[in-house]
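In our numbering, the protein residues as written are 525 to 987. The next block holds one structure in the form of structure tokens; read it before the comments.
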Amino acid sequence: MGQDVLVITGGTIAAEYGTFKADLIIRDGRIAGIVDDARDISGERLDASGLVVFPGGVDMHTHLREPSRIEREGFAHGTASAAAGGISTVVDMPQADPLVADVASFRQKRDAASRSAVVDFGLHAAAIGQSIDQMAALKAEGALAFKAFMCASSPGYPRLNDAALVHTLRAVRELDSTLIVHAENDDLLQDGLAQMAAAGRIDPLAHAESRPPIVEIEAVRRAIYLAGATGARLHIAHASTAATVRAVARARKAGHSITCETCPQYLVMDLGDLLRLGPFARCAPALRDRAEVEALWAVMAQGTVAAICSDHSPYTLAEKQAGNEDIFKAPLGLNVIQVMLPSIVDEGIHRRGLSYTWFANLSAAGPARLLGLYPQKGSIRVGADADLTLWDMEQQWEVRREDLLSRHPWTPLEGRRLQGRVIRTIVRGRSVFADGRILVEPGTGQFLRAASSPAIAPAVLPV
Ligand SMILES: [Zn+2]
525 MGQDVLVITG GTIAAEYGTF KADLIIRDGR IAGIVDDARD ISGERLDASG
575 LVVFPGGVDM HTHLREPSRI EREGFAHGTA SAAAGGISTV VDMPQADPLV
625 ADVASFRQKR DAASRSAVVD FGLHAAAIGQ SIDQMAALKA EGALAFKAFM
675 CASSPGYPRL NDAALVHTLR AVRELDSTLI VHAENDDLLQ DGLAQMAAAG
725 RIDPLAHAES RPPIVEIEAV RRAIYLAGAT GARLHIAHAS TAATVRAVAR
775 ARKAGHSITC ETCPQYLVMD LGDLLRLGPF ARCAPALRDR AEVEALWAVM
825 AQGTVAAICS DHSPYTLAEK QAGNEDIFKA PLGLNVIQVM LPSIVDEGIH
875 RRGLSYTWFA NLSAAGPARL LGLYPQKGSI RVGADADLTL WDMEQQWEVR
925 REDLLSRHPW TPLEGRRLQG RVIRTIVRGR SVFADGRILV EPGTGQFLRA
975 ASSPAIAPAV LPV
């Protein structure tokens, strides 16, 4: 059987270790060479002249709703939307009915996703206070991390009180796994909701006022302290404040294994969007005011934030519209997976002057590293999976509903004018998205396990 060779010529490679001109040789789905000139190599050719080649995005926080609430999204639509947005790997959160908290539900979700995904995927499992044996079984099935709620926020997903959190952190340490926390202080949150109810507040801003930054920051600091005290690896989901990022930075300096992610909604949206869009901008943590958004950008260049994630949580239009009069009747979550990376390229690179290297780390290498998927995923180096996104960094375009591949094409970023567009997304050497269309059948995405000992040769870089 002959080998499958793809040669990508003329592009600018923008990896987590640098930006340079090179041609790529891809053999059987893996990067086989990074060379000055691949003109003499035979194989299928792709001309990337004028384009920038980033590692395919790794979105470590999605809610694709399969198998139980497929009417909201599903892996077929959700991963198509991801591919159109430059993402070649998604890692889905355990929210489902039943919750992915045991081996049977984990397998059910993995099988469903294997039939419908068009990009590669991994799964997290829920930490709800189950035994360490049950957690060990989930890890053995391939759970990349465990996710816990510190507040009652997600229906059907029991929160962990401090005692349960400590037990879980000890178990995670024992299993050499990672705990991802949704960090909001439950007492403060319930009090905020009660205050809004008592005042008869049902307007969009009442949502943000019910869970102000203090609700997040207190829980983050407590989780960091408990993780440090137990020696566990902790990852803070959807950091929405600069204070959270600073707390993570301090913990890392002190030698603890603490990381965090943020989402485009906390970087390119603010309270003005919540006021304008109401239920279609309701998420948790809530959108922040402009000063907080600017403060978050100010710490983005420092490298503490390991990952940009979508927290893509789609609902039907009817479910969101239920909050038109009363914001609290709208479910929490946004549809952003397809516009996440373009919005960060536009704002971070074009408007704020951050580098391609910064973006490659934030969107690909960072999340892949902290889930044990690196360097198979998240890099451009010899031996790695050929997961690549080709960008026209100059193209200006408008986010239009009709171009979204989600099952429910709405996004709070509709109407935005962005600079920088995904032209093609490649997964293991195969073009999954190009020319506005998905080019593969559902089920071509593969289930990912953490690689315990990756054996990858260092990339050969042109001098
Ligand atoms: Zn989430």
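We put the CB at the ideal spot given by N, CA and C, even for glycine. As the structure is a prediction and not an experimental result, all values here were calculated from the model.
> Thinking just about the alpha-carbon of each residue, which of 609, 630, 607 is nearest to the one in residue 618?
Replying inline: 630
> Given a threshold of 16 other Cβ atoms within 10 Å of its Cβ, counted over all protein chains shown, does residue 685 qualify as buried or as exposed?
Replying inline: exposed
> Can you round the beta-carbon distance between residue 791 and residue 811 to whole angstroms, since I take them to be within the 8 angstroms contact cut?
Replying inline: 11 angstroms between Cβ atoms; not a contact.
>> Assess contact between the segment 853-866 and the segment 745-762, defined as three or more Cβ pairs (one per stretch) separated by less than 8 angstroms. Is contact present?
In response: no
> Would DSSP call residue 984 helix, strand or coil?
Replying inline: For residue 984, the predicted model reports a pLDDT of 28, less than 50, meaning its position is unreliable; a value from the coordinates is still stated below. In the structure shown, residue 984 sits in coil (DSSP, three-state: anything other than H, G, I, E or B).
> Assuming residue 705 contacts residue 758 under a Cβ cut-off of 8 angstroms, what Cβ separation, rounded to an integer in Å, is found between them?
Replying inline: 7 angstroms
> Counting pairs of Cβ atoms below 8 angstroms between the segment 861-876 and the segment 772-789, do you hit three or more?
Replying inline: yes
>> Less than 6 angstroms between C-beta atoms, sequence neighbours within five positions excluded: which residues of the same chain meet that for residue 569?
In response: 531, listed in sequence order.
> Shortest alpha-carbon distance to residue 760 belongs to which of 727, 928, 585?
Replying inline: Ranked by how close their Cα comes to the Cα of residue 760, the residues 727, 928, 585 have 585 in first place.
>> In this structure, how does DSSP classify residue 581 when only helix, strand and coil are distinguished?
In response: In the structure shown, residue 581 falls within a strand segment according to DSSP collapsed to helix, strand and coil.
>> So, at 7 angstroms on beta carbons, what are the nonlocal neighbours of residue 809 in its own chain, with the 5 sequence-adjacent residues on each side left out?
In response: 708, 735, 740, 762, 764
> Helix, strand or coil: how does DSSP classify residue 919 here?
Replying inline: strand
> What are the boundary residues of the alpha helix (DSSP H) that residue 636 is part of?
Replying inline: 627-640
> Rounded to the nearest angstrom, how far is the Cβ of residue 596 from that of residue 971, given a contact under 8 angstroms?
Replying inline: No, residue 596 and residue 971 are not in contact; Cβ-Cβ is about 22 angstroms, not under 8 angstroms.
>> Could you check whether the Cβ of residue 617 sits closer than 6 angstroms to any heavy atom belonging to ligand 1?
In response: yes
> Could you check where the beta strand (DSSP E) with residue 542 kicks off and where it finishes?
Replying inline: 542-545
> Hey, how far is the Cα of residue 744 from the Cα of residue 648?
Replying inline: 20 angstroms
> Taking Cβ positions, are residue 969 and residue 639 nearer each other than 7 angstroms?
Replying inline: no
> Measuring from the CB of residue 797, is there a heavy atom of ligand 1 at a distance below 6 angstroms?
Replying inline: no
>> For the pair the segment 556-563 and the segment 893-902, tell me if three or more CB-CB distances fall below 8 angstroms.
In response: no
>> To the nearest angstrom, how far is the alpha carbon of residue 981 from that of residue 551?
In response: Because the pLDDT at residue 981 is just 28, under 50, the model does not fix this residue reliably, and the point stays unresolved.
>> Just to confirm the assignment, what range does the alpha helix (DSSP H) spanning residue 777 have?
In response: 766-777
>> On the DSSP letters alone, give me the boundaries of the alpha helix (DSSP H) that residue 725 sits inside.
In response: Premise fails: residue 725 is in no alpha helix (DSSP H) and is neither H nor E.
> Buried or exposed: residue 545, going by 16 or more other Cβ atoms within 10 Å of its Cβ?
Replying inline: With fewer than 16 other CB atoms across the displayed protein chains lying within 10 angstroms of its CB, residue 545 is exposed.
>> Cutting at 6 angstroms between CB atoms, please list the residues of its own chain near residue 528, excluding the five before and the five after it.
In response: Here the set comprises 552.
> Can you tell which of 860, 770, 753, 641 has its C-alpha closest to the C-alpha of residue 825?
Replying inline: 770
> Can you find a heavy atom of ligand 1 that lies under 6 angstroms from the Cβ of residue 621?
Replying inline: Shortest gap from the CB of residue 621 to any heavy atom of ligand 1: 6 angstroms or more.
>> Please list the terminal residues of the continuous alpha helix (DSSP H) segment that includes residue 746.
In response: 737-754
>> For a test of your reading of the model: does the CB of residue 835 fall under 6 angstroms from any non-hydrogen atom of ligand 1? Yes or no.
In response: yes
> Who are the near neighbours of residue 565 in its chain, counting only those whose CB is closer than 6 angstroms to its CB and skipping five residues on each side?
Replying inline: Cβ within range, chain order: 531, 549.
>> Taking contact to mean 3 or more Cβ pairs, one atom from each stretch, closer than 8 angstroms, check whether the segment 591-608 and the segment 924-941 are in contact.
In response: yes
> Looking only at its own chain, which residues have a Cβ that is under 6 angstroms from the Cβ of residue 987, when we skip the five neighbours before and after it?
Replying inline: Here residue 987 scores only 24 on pLDDT, less than 50, and its place in the model should not be relied on; the value that follows carries that caveat. Cβ neighbours of residue 987 beyond the five flanking positions: none.
> In three-state terms, what does DSSP make of residue 836?
Replying inline: If DSSP states are grouped into helix, strand and coil, residue 836 belongs with the strands.
>> On the criterion of 16 or more Cβ atoms from any shown chain inside 10 Å, does residue 936 qualify as buried, or is it exposed?
In response: buried
> Buried or exposed: where does residue 885 fall if 16 or more other Cβ atoms within 10 Å of its Cβ makes it buried?
Replying inline: buried
> Would you say residue 582 and residue 538 are within 7 angstroms of each other, going by their C-beta atoms?
Replying inline: Result no, Cβ atoms of residue 582 and residue 538 do not sit closer than 7 angstroms.
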